[in-house]
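So the sequence shown is numbered by this note's numbering: it starts at 29 and just counts up by one.
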Amino acid sequence: MITTGSYDEALERFHHTGPEREGWLSNHGPMVAEALARLGHEDRVHRWTDGYIRGLEDVPRGIDRIDAAAWRDPLGDPVRSGDWIDFFRAEVEQEAWATTLVRWWPRLLPGIAAGATHGVIRVGHAVRALRAEETAPRRQELAHALAYWAARWQPVPQVAPAGRLSAARALTLVPPVPRQEHGIRNRIAQLDETGGWRRAVRSLAPPDRSADVPEALRSLVDAVLAQYAARAHGNATMLVHAATAPQAVLNALPSLPEAMWSASLEAAWSATAAVVAAYLPPDTRPVPRLGAHTPDEVLEQALAHGGEHVIKLADTALGARTSSEEPLALAAVLTAIDLDA
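And the structure:
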């Protein structure tokens, strides 16, 4: 349960800052604040915010009003970030926040790679908080999150699962992009020339019914967490998103009509396979022994580390269902700490 108080106060502070800093690095503040509050550590929100907010930039100013009928033109244009913020702030004040979400989700979903998937991740955190309790700062956070997704909208090839493999098995078939260099946009652009990538994505077994999509997403998150510790040396920070992006889609799913669920799974799986291909190392490493660490102890280590990706991975890992793979989920968090993700 996320209560009002420090979390909402932190949102009001972060809404004076922009969605990015230093060119295109994502502002993780609102996402981490929500994760801390959900994990029962709202008492840490302000202290963490105090340290993080110093490195952020002011919220960008708009340059021209976005026409609701011509929304495709500025889609994916980060120069229009301020315009998108103004647009969505008005949207969530003029109608129910869920109405805005349902209208824009299918428009934004094909560009799920936006901001290295931080667009959908920020939306997922915002929606989860709104379902817990609707407040003005949380409505505005959804507006900022949707605006970031729209401004950085970036597609990945959409491939519908049509195979028989589990998520864990299908993930092992994902090949690396030919040139693992430069940023994620450069790497994702290589997917169409990456032999075997589409075949690997297609190999995933689709759920029998749309009602089974939440379970399929949970299985995908579980599979990424289980493989993270062995692969994280490829890029400990970026590979976090292979888990947190589908988790964000899962967070938003209860607020979306079931007719949108199958497309949401396809986009989430394609995004995960894209991130894995972009940062897949040439070898795997032994998974560190968990020892006697309990989930609470692992969380304390993550909080002590304080890194935005470590905290968000801990939120995802500790929210994973109890299963035979839970120790691997905890090992993922410990690996992220060790590698300073």
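In this text, a Cβ means the ideal position worked out from N, Cα and C, and glycines have one as well.
It should be emphasised that the depicted structure is a prediction, and the values quoted were computed from it without experimental measurement.
Straight-line gap, residue i to residue j (C-alpha atoms, nearest Å)
i    : j    : result
T128 : G68  : 29 Å
S34  : A63  : 12 Å
S352 : A251 : For S352, the predicted structure reports a pLDDT of 45, less than 50, and the residue's modelled location is therefore unreliable. A value from the coordinates is still provided. Approximately 11 Å between the Cα atoms of the pair.
P314 : P323 : 21 Å
D95  : E119 : 12 Å
E40  : H74  : 12 Å
A357 : T163 : 32 Å
A217 : A276 : 23 Å
Q329 : A359 : 12 Å
P88  : D343 : 29 Å
T350 : R66  : Here the model assigns T350 a pLDDT of 46, short of 50, so the residue's position is not dependable and the matter cannot be decided.
L327 : T272 : 16 Å
L158 : A190 : 34 Å
P47  : R230 : 33 Å
A369 : P282 : 30 Å
R108 : H269 : 25 Å
V187 : A144 : 19 Å
W125 : R215 : 34 Å
A228 : L308 : 14 Å
Q168 : H44  : 11 Å
W99  : L284 : 21 Å
L84  : R213 : 22 Å
I81  : G334 : 14 Å
A61  : L53  : 18 Å
G3   : H210 : Here the chain covers residues 29 to 369 and nothing more, so residue 3 does not appear.
G139 : P58  : 21 Å
H337 : A142 : 17 Å
A198 : L232 : 6 Å
G37  : P165 : This sequence places Glu at residue 37; Gly is not what is there. Their Cα atoms are separated by approximately 8 Å.
P316 : P355 : 10 Å
E161 : T77  : 21 Å
Beta bridge counterpart(s) of residue i as assigned by DSSP
i    : result
T45  : D86
I212 : Paired residues: none, contrary to the question.
I140 : Q182
S54  : E48
L193 : L232
N- and C-terminal bounds of the alpha helix (DSSP H) containing residue i
i    : result
W125 : W125 to L136
G347 : E336 to G347
T265 : Premise fails: T265 is in no alpha helix (DSSP H) and is neither H nor E.
Q218 : Careful: Q218 lies outside any alpha helix (DSSP H) and carries neither H nor E.
V155 : H146 to A160
H321 : Where H321 is concerned, there is no enclosing alpha helix (DSSP H), given that its DSSP letter is neither H nor E.
P355 : E354 to D366
Pick out the complete alpha helix (DSSP H) segments inside the segment 74-112, 4 residues or longer, and give them in chain order.
-> For secondary structure counted as the alpha helix (DSSP H) over 4 or more consecutive residues, the segment 74-112 holds no complete run.
Inter-stretch contact (C-beta, 8 Å, three-pair minimum) for the segment 362-369 and the segment 253-268 = With three or more CB-CB distances shorter than 8 Å, the segment 362-369 counts as touching the segment 253-268.
At 4 residues or longer, and completely inside the segment 225-298: list those alpha helix (DSSP H) runs for me, N to C.
-> If we require 4 residues or more, the alpha helix (DSSP H) runs fully inside the segment 225-298 come out as 225-230, 241-259 and 269-280.
Would you call the segment 287-300 and the segment 130-140 in contact, with 3 or more CB pairs under 8 Å?
-> Put simply, the segment 287-300 touches the segment 130-140. At least three CB pairs are less than 8 Å apart.
Give a yes or no on contact between the segment 106-126 and the segment 174-191, applying the rule of three or more CB pairs nearer than 8 Å.
-> Yes, they touch.
Counting pairs of Cβ atoms below 8 Å between the segment 215-232 and the segment 188-204, do you hit three or more?
-> Verdict: yes, contact present.
Quick one: any contact between the segment 273-288 and the segment 138-157, if contact means 3 or more CB pairs under 8 Å?
-> Verdict: yes, contact present.
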